[in-house]
Amino acid sequence: MSFFYLTPVKGDLPIYLLENIVIKRLDFLKSVIKKQNIVYNEYVVEGSVYDTVGHYMLCIIVILEGNSEFTQFFIKAEESLFIHRLKTLAAYDLRCFAKKLLRIIRKHPIDLNFLNSLRSLCRHLILKHVVQHICSDTCVENCSLHSIKVYFKHCLTFIAKRQVEVKHGIAYIPCSKWKTYLIQLFKDNLRNRLSRTNLDSLHNDPRITDFRRLVRKEIPILNNSENNILTSNEVDNCSKNFPPCMLNFHQSLRNKHRLSHNQRFSYSLFLKDIGMPVEEAVKFWRNEYQQVPNGKHKCCHSWKNDEKKFIYGIRHLYGLEGGKKNYSSVNCLRLQGFTEGSCPFKTFDSEAILHLLDIKKTDSSWSQMKKLQEQHQYTCACKLYFQKRFHRVSNNVCDSNFNFSPVKYYFATKC
Amino acid sequence: MVGQYDENVLPDMLPVYYTRLFPQNLFCRWLSCGNSPQPLSNRELSFTLADDVYLRYLSINNQKEFFTLLQKKCPHKLDIGAVYNTKPSVGRHDAVVLARELVFDIDLTDYDEVRTCCQEAKVCDKCWKFMVVACEIINAALKDDFGFQSILWVFSGRRGIHCWISDYEARTLDSPGRAAVADYLCLIMGGENQSKKVHLGSDNLHSSIRRALIVIDKYFDDIVQDQEFLSTSDRLKSFLKMIPDEALRKQVQENLERMPTSSIDRWKCFVNNYNQFCKENLHGMRKMKYLIEEIKIQYCYPRLDVNVTKGFNHLLKSPFSIHPKTGKVSVVFKPDNAKDIKLDEIPTIYTLLDDSSSDNVQHQTNMRTAVKNFQELVFSLEKAEAVRRKTEANTSLEF
Chain A
0 MSFFYLTPVK GDLPIYLLEN IVIKRLDFLK SVIKKQNIVY NEYVVEGSVY DTVGHYMLCI
60 IVILEGNSEF TQFFIKAEES LFIHRLKTLA AYDLRCFAKK LLRIIRKHPI DLNFLNSLRS
120 LCRHLILKHV VQHICSDTCV ENCSLHSIKV YFKHCLTFIA KRQVEVKHGI AYIPCSKWKT
180 YLIQLFKDNL RNRLSRTNLD SLHNDPRITD FRRLVRKEIP ILNNSENNIL TSNEVDNCSK
240 NFPPCMLNFH QSLRNKHRLS HNQRFSYSLF LKDIGMPVEE AVKFWRNEYQ QVPNGKHKCC
300 HSWKNDEKKF IYGIRHLYGL EGGKKNYSSV NCLRLQGFTE GSCPFKTFDS EAILHLLDIK
360 KTDSSWSQMK KLQEQHQYTC ACKLYFQKRF HRVSNNVCDS NFNFSPVKYY FATKC
Chain B
0 MVGQYDENVL PDMLPVYYTR LFPQNLFCRW LSCGNSPQPL SNRELSFTLA DDVYLRYLSI
60 NNQKEFFTLL QKKCPHKLDI GAVYNTKPSV GRHDAVVLAR ELVFDIDLTD YDEVRTCCQE
120 AKVCDKCWKF MVVACEIINA ALKDDFGFQS ILWVFSGRRG IHCWISDYEA RTLDSPGRAA
180 VADYLCLIMG GENQSKKVHL GSDNLHSSIR RALIVIDKYF DDIVQDQEFL STSDRLKSFL
240 KMIPDEALRK QVQENLERMP TSSIDRWKCF VNNYNQFCKE NLHGMRKMKY LIEEIKIQYC
300 YPRLDVNVTK GFNHLLKSPF SIHPKTGKVS VVFKPDNAKD IKLDEIPTIY TLLDDSSSDN
360 VQHQTNMRTA VKNFQELVFS LEKAEAVRRK TEANTSLEF
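Shown next as structure tokens:
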């Protein structure tokens, strides 16, 4: 078995042991995410039976729970664990790792579209001189002594950031990026498993139901439910507690009576998730879009002419029309990824952000925030602002910067 | 000229246009290729009739049905959607998208913050140059980097261009794939609260960026002269905000304010100033290693509407449809000829059907050229699809 988790293990285990494995793994993953010192744990020895069983069992629970936050936590934790394990591999161990993967691929029929890319990478890693180079200091940041050819669809993360050269649909991944690529493949494999595995037959298995109950005790967010109704005339008042991004949208909307598509989409979902029912949402947006847009705006829509379209759109976001899709509000990472910029910490000039946050340049936390901005730690900068403003720290085990969101910020102000 | 006619004559002219001039046969063949292996009937079309009546989930089985539908409904707008696993009218919300061309939409209103000759709906031959640059840069990236071959460029009818890629690999690209391609091509990031929207870092530039700069340099001096980016105090202020170093910024401000208003001269002065500053401040330069390139890119690099590219349920305007407000035909053009396009030479429904119009002959010629361009693309797409199907059939027979 490999800690890449390409295939599950077969066999029988008593339930009490399975429970133990899962709980111990969950504890271990929590400490990995919190970046605490990784202490030896007999249940997570890489490549061992317990390690593989624990991983796949947690996959099952994550799939059945269907809670997006728990899923994100799991993916991030397993990825961090993989990164940690990869780092500790010496050249000889990395070669064994690659050999084992090739053996598994040869023996088992695995349905993965990027399997060829993984195999190609492993074939290079079993060559002694190659693997020694990878693990040595000579493989510097931009080293391309060796490279593999990968179909562009199998390395989308590199493509999106223009980190590799592409020619006629084939990307050339240099050796300096192979470890990163391996981590990306691990993540893709895990995501693929979590989204594609059909577990219908397990939904009613009483042993699994007991298991899920056990895990829920360990993971508080799986029990959360906030029940506060927000009406459209309360928004101005509540906006004082909005995170900077949403406050900016709100102020923009009040000033110009229009928002761009992405802004309107994100703000609508935010309001929905902090408790605004659909009737109030219609009132809220009608109030603004009935007014003439103020200033330069490409928007040619008005509530008078397009009322039906607007109401349909809002209802659609609430899952009441069309495909009845359940939209979840955007998190910080996604907001930061918008091209037009929506996270003020990422895209505002200094004067603009000082004005929005209503703090002075001379403020002590400002220089800290600026430093975090320079290091591209926009969510951290936001959390620092939150801490300073509300004098408390947000404390949730699944909560680390990668999955922070405007909704979490808002609810944290209420605690 | 457009001003002599108004939208009210459209209902009379559109039926004639659809019957005589709209390339129905090529259109159906193009869509059929894009649908393959699904039948043509699984493609969603939408019509917008007079008075903004919107019809979705339409589909056609063949060209004859298409012709009948056009005659019956006489749409003012014709949009093309995705290929579903069933006839769109049957599946509606449960239907699954199987394929859709990879599309790009570039609109001149996204350049409003840099173009000075026009704003909003207005467009002229000066700001059209931005579209020429965008077309050349994106076309090269799609062909050379991603290996796409069936790339259709269409004038959007008023102030922009669309690009449709029908290669099998593009049609079957999933949402993360489309997002990655869009992000690959996106260099300008930030909203109205950010003055400097391009950051290239200090490592070696990616080859696609270097190639884009070569294209920009071909047209940069002309664009600077047309747009006069540095001639007024407001424009100069916006320009200065793109310089991250305060000392350099002050120098440049003093030097440029002293000069006469010619933007091209001011630009040359800025470049000299920057080079001199670099020589004198070797250690502080990491942050500004590519400042000149970043500024050129912020002014001239393509500004895509990434939402159009990332989603595949978007309904996008069809080639050869008529823009209701301008009457212009969404003509197909070749990227190499983009620089020769003059906006008033683009055929309109009015000039095409009015023999007495002074532009009639020229517009008819341009219309024929556009149809020929479309034909070339459809032919090579059909050939490529035939080859692909044959190869697939052969590989499935191998043991």
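Here the protein sequences come in this chain order: A and B.
Counting in numbering that gives the first Met the number 0, the first sequence runs without a single skipped number right up to 414 at its last residue.
Counting in numbering that gives the first Met the number 0, the second sequence runs without a single skipped number right up to 398 at its last residue.
For glycine and all other residues, C-beta sits at the position ideal for the given N, C-alpha and C.
Remember, it's a predicted structure, so these values are computed and weren't measured experimentally.
Exercise. Work out the CA separation of A/Leu25 and A/Glu164 for me, nearest whole Å.
Key: Straight-line Cα distance between these residues: approximately 39 angstroms.
Quiz item: Within 10 angstroms of its Cβ, does B/Asn41 collect 16 or more other Cβ (buried), or is it exposed?
Solution: buried
Quiz item: Given A/Lys23, which residues of its chain have a CB within under 7 angstroms of its CB, disregarding the five upstream and five downstream residues?
Solution: Apart from the 5 residues on each side of it in sequence, A/Lys23 sits with its Cβ closer than 7 angstroms to the Cβ of Asn40, Tyr42 in its chain, given in chain order.
Quiz item: In whole angstroms, what separates the C-alpha of A/Tyr377 from that of A/Lys9?
Solution: Their Cα atoms are separated by approximately 44 angstroms.
Practice problem: For A/Trp284, write down the residues that DSSP places opposite it in a beta bridge. | Solution: Note: A/Trp284 sits in no beta bridge, so no partner.
Practice problem: Step through the CB atoms of chain A and report whether any lies within less than 9 angstroms of the CB of B/Tyr206. | Solution: According to the sequence as given, residue 206 of chain B is Ser; it is not Tyr. Chain A contact via Cβ: present.
Quiz item: Whose CA, out of B/Leu9, B/Thr231, B/Asn24, B/Leu57, lies closest to the CA of B/Ala49?
Solution: B/Leu9
Quiz item: In its own chain, which residues sit with a C-beta less than 7 angstroms from the C-beta of B/Phe398, not counting the 5 before and 5 after it?
Solution: Per-residue confidence for B/Phe398 stands at a pLDDT of 48, beneath the threshold of 50, marking its modelled position as unreliable; no derived number is given.
Exercise. Take B/Ala140 and list the residues in its own chain whose beta-carbon comes closer than 7 angstroms to its own, dropping the five residues that flank it on each side.
Key: Once the five neighbours on either side are set aside, the close Cβ partners of B/Ala140 are Leu184, Ser207.
Quiz item: Which residue comes first and which comes last in the beta strand (DSSP E) that contains A/Pro173?
Solution: 169–173
Quiz item: Is the Cβ-Cβ distance between B/Ile345 and B/Lys316 less than 9 angstroms?
Solution: no
Exercise. Would you be able to state if there are at least three C-beta pairs under 8 angstroms between the segment 99–111 of chain B and the segment 331–349 of chain B?
Key: no
Self-check item: C-beta contact flag for A/Lys382 and A/Ser364 at 9 angstroms
Solution: Contact flag unset, no.
Quiz item: Grouping DSSP H, G and I as helix and E and B as strand, with all else coil, what is B/Glu112?
Solution: DSSP places B/Glu112 in coil when its eight states are reduced to three.
Exercise. Compare the C-beta of B/Met130 with all C-beta atoms of chain A and state if any pair is closer than 9 angstroms.
Key: no
Quiz item: B/Cys116 versus chain A: which residues are under 7 angstroms apart at the beta carbon?
Solution: Ordered by position in chain A, no residue passes the 7 angstroms Cβ test against B/Cys116, which lies about 16 angstroms from the chain.
Quiz item: Do we get a CB-CB distance below 9 angstroms when we pair B/Gln226 with the residues of chain A?
Solution: No, its Cβ sits nowhere closer than 9 angstroms to a Cβ of chain A.
Self-check item: Proximity below 9 angstroms, CB of B/Leu151 to CB of B/Trp29
Solution: Yes.
Quiz item: Which ranges would you report for the beta strand (DSSP E) in the segment 189–217 of chain B if only whole runs of at least 3 residues count?
Solution: none
Self-check item: Against chain A: residues of the segment 292–314 of chain B by CB proximity under 7 angstroms
Solution: Val305, Asn306
Quiz item: So with Cβ pairs under 9 angstroms, would you call B/Gly399 a contact of chain A?
Solution: The displayed coordinates of chain B run from 0 to 398. Any statement about residue 399 of chain B would go beyond what the structure contains.
Quiz prompt | Euclidean distance between Cα positions of B/Leu235 and B/Gln193 | solution = Straight-line Cα distance between these residues: approximately 16 angstroms.
Quiz item: So is B/Pro334 buried or exposed if we call it buried at 16+ other beta carbons inside 10 Å?
Solution: buried
Practice problem: For A/Asp348, go through chain B and note every residue whose CB falls closer than 7 angstroms to its CB, in chain order. | Solution: Asn192, Gln193, Ser194
Quiz item: On the three-pair Cβ rule with 8 angstroms, is the segment 272–291 of chain B touching the segment 243–253 of chain B?
Solution: yes
Practice problem: May I have the straight-line CA-CA distance separating A/Leu252 from A/Asp235, to the nearest angstrom? | Solution: 11 angstroms
Quiz item: In the DSSP assignment, what residue or residues form a beta bridge with B/Cys162?
Solution: B/Phe103, B/Trp152
Quiz item: For A/Ala89, does the three-state DSSP call read helix, strand or coil?
Solution: In this structure, DSSP gives A/Ala89 a state outside helix and strand, which the three-state scheme calls coil.
Quiz item: What number of angstroms, rounded off, separates the C-alpha of B/Glu292 from the C-alpha of B/Leu68?
Solution: C-alpha separation (whole angstroms): 51 angstroms.
Quiz item: Any idea which residues DSSP pairs A/Tyr49 with across the strands?
Solution: Answer is none; A/Tyr49 lacks a bridge partner.
Exercise. Select from the segment 366–396 of chain A all residues with a C-beta closer than 9 angstroms to any C-beta belonging to chain B, and list them in chain order.
Key: none
Quiz item: B/Gly33 and B/Arg170: beta carbons closer than 9 angstroms?
Solution: Going by C-beta atoms, B/Gly33 is nearer than 9 angstroms to B/Arg170.
Quiz item: According to DSSP, is B/Thr47 helix, strand or coil?
Solution: In the structure shown, B/Thr47 sits in a strand (DSSP, three-state: E or B).
Quiz item: Under the three-state reduction of DSSP, which class applies to A/Ser146: helix, strand or coil?
Solution: strand
Quiz item: If you count every other CB in all the chains shown that lies within 10 Å of the CB of B/Asp202, and 16 or more means buried, which is it?
Solution: exposed
Quiz prompt | chain B contacts made by the segment 314–329 of chain A, where a contact means CB separation under 8 angstroms | solution = Gly321, Gly322, Lys323
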